[in-house]
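There are 2 protein chains.
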Amino acid sequence: MTFKQFPEQVFIREVGPRDGLQNESKFINTEDKIEWINQLSSTGLSYIEVTSFVNPTWIPALSDADSVVKQITKAPGVTYAALVPNMRGLNRALESQIDEVSVFISASETHNKKNINKTIRETETVLAEVVRESITNNKSVRGYISTVFGCPFEGNVEINEVLRLTDSLFEMGIEELSLGDTIGVANPLQVRILLEELLKRYPQEKIAMHFHNTRGTAMANVLASLEMGITKFDSSLGGLGGCPYAPGASGNLATDDLHYMLSNMGIQTNINAEKLLSAAMFMQDKMDKPLDSHTVKYRMNN
Amino acid sequence: MTFKQFPEQVFIREVGPRDGLQNESKFINTEDKIEWINQLSSTGLSYIEVTSFVNPTWIPALSDADSVVKQITKAPGVTYAALVPNMRGLNRALESQIDEVSVFISASETHNKKNINKTIRETETVLAEVVRESITNNKSVRGYISTVFGCPFEGNVEINEVLRLTDSLFEMGIEELSLGDTIGVANPLQVRILLEELLKRYPQEKIAMHFHNTRGTAMANVLASLEMGITKFDSSLGGLGGCPYAPGASGNLATDDLHYMLSNMGIQTNINAEKLLSAAMFMQDKMDKPLDSHTVKYRMNN
Numbered sequence: 001m002t003f004k005q006f007p008e009q010v011f012i013r014e015v016g017p018r019d020g021l022q023n024e025s026k027f028i029n030t031e032d033k034i035e036w037i038n039q040l041s042s043t044g045l046s047y048i049e050v051t052s053f054v055n056p057t058w059i060p061a062l063s064d065a066d067s068v069v070k071q072i073t074k075a076p077g078v079t080y081a082a083l084v085p086n087m088r089g090l091n092r093a094l095e096s097q098i099d100e101v102s103v104f105i106s107a108s109e110t111h112n113k114k115n116i117n118k119t120i121r122e123t124e125t126v127l128a129e130v131v132r133e134s135i136t137n138n139k140s141v142r143g144y145i146s147t148v149f150g151c152p153f154e155g156n157v158e159i160n161e162v163l164r165l166t167d168s169l170f171e172m173g174i175e176e177l178s179l180g181d182t183i184g185v186a187n188p189l190q191v192r193i194l195l196e197e198l199l200k201r202y203p204q205e206k207i208a209m210h211f212h213n214t215r216g217t218a219m220a221n222v223l224a225s226l227e228m229g230i231t232k233f234d235s236s237l238g239g240l241g242g243c244p245y246a247p248g249a250s251g252n253l254a255t256d257d258l259h260y261m262l263s264n265m266g267i268q269t270n271i272n273a274e275k276l277l278s279a280a281m282f283m284q285d286k287m288d289k290p291l292d293s294h295t296v297k298y299r300m301n302n
Numbered sequence: 001m002t003f004k005q006f007p008e009q010v011f012i013r014e015v016g017p018r019d020g021l022q023n024e025s026k027f028i029n030t031e032d033k034i035e036w037i038n039q040l041s042s043t044g045l046s047y048i049e050v051t052s053f054v055n056p057t058w059i060p061a062l063s064d065a066d067s068v069v070k071q072i073t074k075a076p077g078v079t080y081a082a083l084v085p086n087m088r089g090l091n092r093a094l095e096s097q098i099d100e101v102s103v104f105i106s107a108s109e110t111h112n113k114k115n116i117n118k119t120i121r122e123t124e125t126v127l128a129e130v131v132r133e134s135i136t137n138n139k140s141v142r143g144y145i146s147t148v149f150g151c152p153f154e155g156n157v158e159i160n161e162v163l164r165l166t167d168s169l170f171e172m173g174i175e176e177l178s179l180g181d182t183i184g185v186a187n188p189l190q191v192r193i194l195l196e197e198l199l200k201r202y203p204q205e206k207i208a209m210h211f212h213n214t215r216g217t218a219m220a221n222v223l224a225s226l227e228m229g230i231t232k233f234d235s236s237l238g239g240l241g242g243c244p245y246a247p248g249a250s251g252n253l254a255t256d257d258l259h260y261m262l263s264n265m266g267i268q269t270n271i272n273a274e275k276l277l278s279a280a281m282f283m284q285d286k287m288d289k290p291l292d293s294h295t296v297k298y299r300m301n302n
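Residue numbers (UniProt numbering), protein chains in the order written: chain A, 1 to 302; chain B, 1 to 302.
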């Protein structure tokens with residue numbers, strides 16, 4: 001019996017300040033966001049998605065994107081990224097001197113339409129311009145495809161559409177692609193099947209996985225991805241986030257839980273567990289409610 | 001790149017009425033326990049551990065073991081088991097006509113001592129008699145080893161001690177062994193390493209895995225076990241249970257979450273998801289607090 005070896009090192013993309021906060025109803029003060037991101041910068045994380053330059057009326061929780069990016073203390077060796085939906089968002093992002101730009105599109109027509117009121121094709125046109133302009137301004141770009149493993153409106157999502165969008169985004173010039181299980185329906189078999197196709201076309205270091213834990217399968221999906229050679233995972237400290245289509249249900253995979261599993265498997269992350277937990281406790285205090293991660297819940301009771 | 005195939009069928013051992021309830025402070029009325037077990041019997045589960053014949057002063061939550069076993073409606077095709085610590089417990093179990101007896105021992109000396117006030121060697125002597133008497137009375141026996149992947153007092157647990165106890169229990173005459181991650185510290189690499197050793201000596205159908213989700217790793221550990229060919233898993237409906245050493249932290253792997261993942265991977269369980277969820281909702285109502293499973297939390301918000 002032979003097994004795939006696990007990778008020696010994994011890179012965690014912390015998305016809590018963006019994907020975590022955007023789904024929370026409570027507005028976190030700008031100074032608290034900045035303090036939190038500065039704490040995250042000291043944990044050893046090499047990548048933090050700090051906010052989103054969408055229209056503030058869409059996501060009031062992140063309406064202070066410009067102030068946040070301008071005031072955080074950038075640590076050496078950390079990439080600070082922000083989500084950008086269009087040229088207007090990109091101009092704000094460039095003005096605030098973000099390191100990296102993230103663009104997003106859904107693999108499901110209905111989800112894309114409900115999310116940003118454009119068809120997938122219209123969105124591709126917009127993103128092509130955003131990516132081109134980012135590169136012109138010496139910014140690297142990360143691409144997100146959401147609802148990769150299932151859509152809250154359409155159910156099944158075609159692998160071929162995911163592959164088509166993958167090609168489309170890499171042709172535009174993105175450096176890294178993040179495949180999102182936006183509503184947390186993925187299972188490890190699905191992960192294997194998709195990655196088997198994808199890794200025929202692109203090397204593993206270009207692919208990140210973005211799981212939500214809505215049905216408790218996120219860590220198993222991480223394991224399935226590790227076995228396929230994937231070394232980049234998005235997660236949100238404390239499991240902050242929730243599912244946009246089921247308030248109260250579990251949300252993003254928790255960075256602290258992911259870090260627990262990886263480090264106990266001997267996989268390097270360069271992250272300090274105590275600093276990570278301390279940053280989670282800080283945000284739990286500001287959110288004024290118990291965070292969802294197992295690591296935080298365990299610590300609160302011991 | 002070749003992968004281990006997943007098994008076609010998995011057998012879930014429902015331990016909620018025993019392992020779930022024993023760690024909850026609230027006493028569930030006998031008639032409600034019976035109603036719940038009867039509901040579980042209708043879900044398609046083939047195995048239910050219904051109670052524990054330990055000294056009622058140890059675990060007041062299960063002090064009505066005799067009444068529960070005598071009054072449940074036994075469904076055809078379902079095995080009803082109960083935990084038995086000693087001959088006194090066995091006599092009660094036999095008197096109430098349980099189908100199968102479960103015996104337990106810890107792989108950590110300190111945990112065993114704190115749990116049942118005996119050394120491991122003393123416990124082995126007791127269990128040998130319990131297993132012998134059970135077999136004499138035509139009852140099959142299931143063995144549990146707890147703290148297999150770590151001990152709350154000693155930390156590391158030696159694989160050699162787990163292997164020694166495995167041999168000891170099978171020599172006594174147990175039919176199936178359940179390996180317990182009592183405090184939820186296991187990671188998939190540990191699972192692989194242990195099972196690689198164990199499956200050199202015993203066939204996979206003799207081994208069940210019993211994971212707790214205290215650090216969120218239970219489902220990943222299930223996946224690692226599936227890849228090793230394991231087809232038997234203990235779980236507790238709704239994630240009922242909690243960690244005995246961290247009140248409020250996540251407890252047993254939730255049957256409904258496990259079932260979600262398995263069925264979406266195309267693995268047969270013969271369990272009806274709706275009936276399972278309905279039985280979880282019944283117990284959530286009786287417990288008068290939100291259950292911990294992701295499936296229940298999701299349903300409560302949709």
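Glycine included, C-beta positions come from ideal geometry on N, C-alpha and C.
Legend entry - B/D234 in three-state terms, based on DSSP: Your numbering for residue 234 of chain B matches position 234 in the second sequence. Here B/D234 sits in strand by DSSP.
Legend entry - Proximal residues of chain B, C-beta to C-beta of A/H259 below 9 Å: On the first sequence, position 259 is the one that residue 259 of chain A refers to. Neighbours of A/H259 in chain B, taken as residues at a C-beta separation under 9 Å, are lacking, since the least C-beta distance is about 10 Å.
Legend entry - Contained alpha helix (DSSP H) runs [length at least 4] in the stretch 24–87 of chain B, N- to C-terminal order: Listed in chain order, they are 30–41 and 65–71.
Inset, instruction - Sort A/S46, A/T30 and A/M228 by Cα distance to A/S67 and report the nearest one. - result: Counting from 1 along the first sequence, the entry for residue 67 of chain A is found at position 67. It is A/T30.
Inset, instruction - Tell me, please, whether the CB atom of A/E158 is closer than 9 Å to any CB atom in chain B? - result: As a working note, residue 158 of chain A is residue 158 in the first sequence. No, its Cβ sits nowhere closer than 9 Å to a Cβ of chain B.
Inset, instruction - Check the Cβ-Cβ distances between A/S250 and every residue of chain B, and say whether any is below 9 Å. - result: As a working note, residue 250 of chain A is residue 250 in the first sequence. The C-beta of A/S250 comes closer than 9 Å to at least one C-beta of chain B.
Inset, instruction - Going by DSSP, name the residue or residues bridged to A/S146. - result: Residue mapping note: residue 146 of chain A aligns to position 146 of the first sequence, counting from 1. In the DSSP output, where bridge partners are listed per residue, A/S146 has A/S106.
Inset, instruction - With distances taken Cα to Cα, identify the nearest neighbour of B/L179 among B/G173, B/L199, B/L163 and B/V148. - result: Translated into positions along the second sequence, residue 179 of chain B becomes position 179. With respect to the C-alpha of B/L179, the residue from B/G173, B/L199, B/L163 and B/V148 having the closest C-alpha is B/V148.
Legend entry - Cα-Cα separation, B/F11 to A/A218: For this step, residue 11 of chain B is matched to residue 11 along the second sequence. For this step, residue 218 of chain A is matched to residue 218 along the first sequence. Pairing B/F11 with A/A218, the inter-Cα distance amounts to about 22 Å.
Legend entry - Coil, strand or helix - B/F211 by DSSP: The sequence position of residue 211 of chain B within the second sequence is 211, counting from 1. The DSSP-derived three-state label of B/F211 is strand.
Inset, instruction - Answer with buried or exposed for A/M1, where buried requires no fewer than 16 other C-beta atoms within 10 angstroms of its C-beta. - result: Locating residue 1 of chain A in the first sequence gives position 1, where the first residue counts as 1. Its pLDDT being 44, under 50, A/M1 is placed unreliably by the model, and nothing is read from it.
Legend entry - Within-9 Å CB hit, A/R132 to chain B: Locating residue 132 of chain A in the first sequence gives position 132, counting from the first residue. Answer no: the Cβ-Cβ gap between A/R132 and chain B never drops below 9 Å.
Inset, instruction - Mind checking the stretch 180–194 of chain A against chain B and listing, in chain order, the residues whose C-beta falls within less than 9 Å of any C-beta there? - result: So the list reads G184, V185, A186, N187, P188, L189, Q190 and R192, given in the order they occur along the chain.
Legend entry - 7 Å CB neighbourhood of B/L226 in its chain, flanking five on each side removed: The count along the second sequence starts at 1 and reaches residue 226 of chain B at position 226. Take B/L226, set aside five residues on each side of it, and the residues of its chain with a beta-carbon closer than 7 Å to its own are F6 and P7, in chain order.
Legend entry - Buried or exposed by the 16-neighbour rule on C-beta atoms within 10 Å, applied to B/F233: Here the question's residue 233 of chain B lines up with position 233 in the second sequence. Under this definition B/F233 is a buried residue.
Inset, instruction - Taking A/K289 as the reference, give the member of A/G238, A/R142 and A/G229 with the closest Cα. - result: Taking the first residue of the first sequence as 1, we reach residue 289 of chain A at position 289. The alpha carbon of A/K289 has as its nearest neighbour, out of A/G238, A/R142 and A/G229, the alpha carbon of A/G238.
Legend entry - Alpha carbon of A/T166 to alpha carbon of A/L177, nearest angstrom: Here residue 166 of chain A corresponds to residue number 166 of the first sequence, with the count starting at 1. Here residue 177 of chain A corresponds to residue number 177 of the first sequence, with the count starting at 1. Put simply, the backbone Cα of A/T166 is about 7 Å away from that of A/L177.
Legend entry - Through-space distance from A/D64 to A/T57, alpha-carbon basis: As a first step, residue 57 of chain A is located in the first sequence; it is residue number 57 there, counting from the start. As a first step, residue 64 of chain A is located in the first sequence; it is residue number 64 there, counting from the start. Just so you know, the alpha carbons of A/T57 and A/D64 end up roughly 11 Å apart.
Inset, instruction - Classify A/D292 as helix, strand or coil using the three-state DSSP reduction. - result: Residue mapping note: residue 292 of chain A aligns to position 292 of the first sequence, counting from 1. Coil, per DSSP.
Inset, instruction - Report yes or no: is there a C-beta of chain B within less than 9 Å of the C-beta of A/Y202? - result: Position 202 of the first sequence, counted from the start, is the residue given in the question as residue 202 of chain A. Judged by the 9 Å Cβ criterion, A/Y202 is not in contact with chain B.
Inset, instruction - Using DSSP bridges, identify the partner residues of B/V101. - result: The sequence position of residue 101 of chain B within the second sequence is 101, counting from 1. BP columns for B/V101 point to B/A82 and B/V141.
Inset, instruction - Measure the alpha-carbon distance for B/A279 versus B/S140 and round it to whole angstroms. - result: Here residue 279 of chain B corresponds to residue number 279 of the second sequence, with the count starting at 1. Here residue 140 of chain B corresponds to residue number 140 of the second sequence, with the count starting at 1. Their Cα atoms are separated by approximately 27 Å.
Inset, instruction - Kindly indicate which residue of A/T73, A/A75 and A/L62 has the alpha-carbon position closest to the one of A/S82. - result: Stepping through the first sequence from its first residue, residue 82 of chain A is reached at position 82. Here residue 82 of chain A turns out to be Ala, not Ser, going by the sequence shown. The option with the nearest alpha carbon to A/A82 is A/L62.
Inset, instruction - Taking the CB atoms as reference points, tell me whether A/G89 and A/S52 lie closer together than 9 Å. - result: Position 89 of the first sequence, counted from the first residue, corresponds to residue 89 of chain A. Position 52 of the first sequence, counted from the first residue, corresponds to residue 52 of chain A. Contact: yes.
Legend entry - Proximity winner among B/F153, B/I120 and B/R92, relative to B/S134 (alpha-carbon distances): In the second sequence, counting from the first residue as 1, residue 134 of chain B sits at position 134. Nearest C-alpha to B/S134: B/R92.
Inset, instruction - Starting from B/P7, find everything on chain A with Cβ-Cβ shorter than 8 Å and list it in chain order. - result: Residue numbering aside, residue 7 of chain B sits at position 7 when the second sequence is read from its first letter. Residues of chain A passing the Cβ test: none, with the nearest at roughly 12 Å.
Inset, instruction - From the DSSP output, in three-state form, read off A/G229 for me. - result: By 1-based counting over the first sequence, the position of residue 229 of chain A is 229. Under the three-state reduction of DSSP, A/G229 is assigned to coil, being neither helix nor strand.
Inset, instruction - With DSSP collapsed to three states, give me the class of A/Q5. - result: Taking the first residue of the first sequence as 1, we reach residue 5 of chain A at position 5. In the three-state scheme derived from DSSP, where H, G and I count as helix and E and B as strand, A/Q5 is classed as coil.
Inset, instruction - Give the interface partners of B/N302 over in chain A, defined as CB-CB distance under 8 Å, in chain order. - result: On the second sequence, residue 302 of chain B is found 302 positions in, with the first residue counted as 1. Result: Y245, A246 and A249.
Legend entry - A/G266: contacting residues in chain B (beta-carbon distance under 7 Å): Locating residue 266 of chain A in the first sequence gives position 266, where the first residue counts as 1. Correct list: L189.
Inset, instruction - Output yes or no for whether 9 Å exceeds the beta carbon distance between B/L169 and B/G150. - result: Taking the second sequence and counting its residues from 1, the one referred to as residue 169 of chain B is at position 169. Taking the second sequence and counting its residues from 1, the one referred to as residue 150 of chain B is at position 150. For the 9 Å CB-CB criterion, B/L169 and B/G150 do not form a contact.
Legend entry - Cutoff 6 Å; reference A/E294; Cβ partners in own chain excluding five residues on either side: Your numbering for residue 294 of chain A matches position 294 in the first sequence. In the sequence on display, residue 294 of chain A carries His and not Glu. For A/H294, same chain residues with a beta-carbon under 6 Å away, outside a window of 5 residues either side, are D257 in chain order.
Legend entry - Heavy atom of the ligand MN within 8 Å of A/T73 beta-carbon: Only the bare structure without any ligand can be found here, which leaves the ligand MN out of the picture.
Legend entry - Neighbourhood of B/M228 by C-beta distance below 6 Å, restricted to the same chain and skipping five residues each side: Along the second sequence, read from residue 1 onward, the residue named residue 228 of chain B stands at position 228. Same-chain partners within the cutoff: L195.
Inset, instruction - Would you mind telling me which residues of chain A sit closer than 8 Å to B/R215, beta carbon to beta carbon, in chain order? - result: Along the second sequence, read from residue 1 onward, the residue named residue 215 of chain B stands at position 215. Here the neighbours are D257, Y260, M261, H294, T295 and Y298.
Inset, instruction - State the DSSP-derived secondary structure class of A/G180, mapped to helix, strand or coil. - result: Position 180 of the first sequence holds residue 180 of chain A. In the three-state reduction of the DSSP assignment, A/G180 falls in the strand class.
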